[in-house]
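Residue numbers (our numbering): 270 to 367. In this text, a Cβ means the ideal position worked out from N, Cα and C, and glycines have one as well.
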C-alpha cells in the first residue's frame with residue numbers, strides 16, 4: 270500500500286511522533302511494508318477457524334461467594350482522626366458545589 274507524504278505526516282501527528290526529514294523516506298518505506306503485511310493477513314481465509322479467547326484451554330477455579338472474615342469496621346475506624354456515620358472524614362481538597 271503506497272502512502273503519500275501527507276498521509277505519513279497525518280499518522281505521525283496522530284501518534285504524536287516527530288519525524289526528522291532525513292528519516293522520512295526510510296520510515297515511509299517501513300510503514301508501507303507493514304501495511305502490505307496487514308493486507309496479506311486480510312486476504313487469509315479464516316472462515317473455518319474457530320474463534321478463541323486464549324490459545325490454551327485454561328480454567329480458573331472459583332470459590333463460593335461467602336463471607337470469610339468478620340466485619341472489622343469499628344476496629345479500622347479507630348485509626349481514623351475523624352469519623353462521621355461510620356465513614357472516614359477527610360479534608361476538602363476540591364472547591365465547588367457541595
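Contact set for residue i: own chain, Cβ-Cβ below 8 Å, skip 5 residues either direction
{"i": "residue 271", "result": "301"}
{"i": "residue 305", "result": "270"}
Residue-level contact to chain C via CB, residue i, 8 Å cutoff
{"i": "residue 347", "result": "Absent from the structure is chain C; it holds one protein chain and no more."}
Identity of the residues DSSP links to residue i by a beta bridge
{"i": "residue 302", "result": "Per DSSP, none; premise fails for residue 302."}
{"i": "residue 352", "result": "357"}
8 Å Cβ cutoff met for residue i and residue j
{"i": "residue 297", "j": "residue 277", "result": "yes"}
{"i": "residue 352", "j": "residue 345", "result": "no"}
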